[in-house]
Each structure stands twice: as structure tokens, then as C-alpha cells.
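Visitor:
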Amino acid sequence: MHTYGSALALIGTGVPDHLVADAEVPVLTGPQAQGDLLVFRRAAPSTVEWRALPAAGLRLVDGEATGNTHWLHAGFASPGVRWAASTLGPQRLGFLFVPPGETALLIHTDEHGANGVGPGTYVVHRKREQVQIPDDEPEPGPAATRLVAD
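The number in the numbering used here is simply the position in the sequence shown, starting from 1, with 4 added.
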């Protein structure tokens, strides 16, 4: 089981003051949100190309507003964790497969700590938000959104 300290050490950062270093990272199998990312259980298309996660982890999103980054890592003794990048636009980042008995870690530098991802197949998305429209503009249409910049 990872603690916040052991998870954040994987990306070379310390534990922020608002987190407890020896607190266990929760391992979840349902929907998750972390900063500007969303993780949902979903079968991957049969055409995706699964790849093992690099030992150094996979940088999912660079922190645009805060400089903090979201990383994906395999958990302890979890060599079967796989990632498949998406080519369907900037909101869907890709698919994550975590085999039975293994975990993945979604780590966010300096703000949100880490989430454990339990066995299953997931889709990883960026969040979007409605764009503020000036008062003298017409009402926004469905395209008046942008990716959240955490």
C-alpha cells in the first residue's frame, strides 16, 4: 500500500503541508476526480494499443495555471498496468488497464496528493468548464467551453 509520501517520492516531490505523509493512498474503482482530471470505468475500444507504463511514470497533464503536474504510475508490484493514449481530441487523454491484484497511482504535484486506481479498465479525461462570455456578447453555444487549466 502506498502512502502519500511514497507516492509523491515517485515523482521527486515532497508532501505538501496540508497532507499527512504516512496516510494511505485510497484505492478506488469508481469514478474519480483529481484537479482537472476525471477517471471513469469504461471498456476500451478493441483498436487501442496498450503499452506498459514507463518506470518513471507518464506525465498526463502539465499544470498550466499552477505549475503542478498530473502523473500516472504503476503501484507497488504492479507490472501489468497498461496505458493506451487516445487520438480523439484533447479532452480524452486515454485508457488505463489495471489487472486484478494490481494498482495504478494518479499523482498530482503539490496540491491533490495521490489517488490509487484499483483493478479495471478506465478512460481518463480532462475536465472542461464553461467560458465566461462578456455581457455584450450573445449567449454561449455548446462550443463555449474550455479545458480546465489546473
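We put the beta carbon where it would ideally sit given N, CA and C, even for glycine.
#1: Between the C-alpha atoms of G124 and A13, what's the straight-line distance to the nearest angstrom?
#2: Taking the straight line between their C-alpha atoms, what separation do you get for F101 and D21?
#3: Starting from W75, follow its DSSP beta bridges and name the residues at the other end.
#4: On the three-state DSSP scale, how would you describe A25?
#5: Could you give the distance in angstroms between the alpha-carbon of F80 and the alpha-carbon of G120?
#6: Who are the near neighbours of V43 in its chain, counting only those whose CB is closer than 6 Å to its CB and skipping five residues on each side?
#7: Just to check my reading of the structure: L76 and L57 have Cβ atoms closer than 8 Å, yes? What is that Cβ distance to the nearest angstrom?
Guide: Put simply:
#1: Cα-Cα distance, rounded: 25 Å.
#2: Near 32 Å, if we compare the C-alpha coordinates of D21 and F101.
#3: Paired residues: R63, I111.
#4: Three-state result, A25: coil.
#5: Between F80 and G120, the C-alpha separation is close to 11 Å.
#6: Cβ neighbours of V43 beyond the five flanking positions: Q36, Y126, V128.
#7: About 6 Å; that satisfies the 8 Å criterion.
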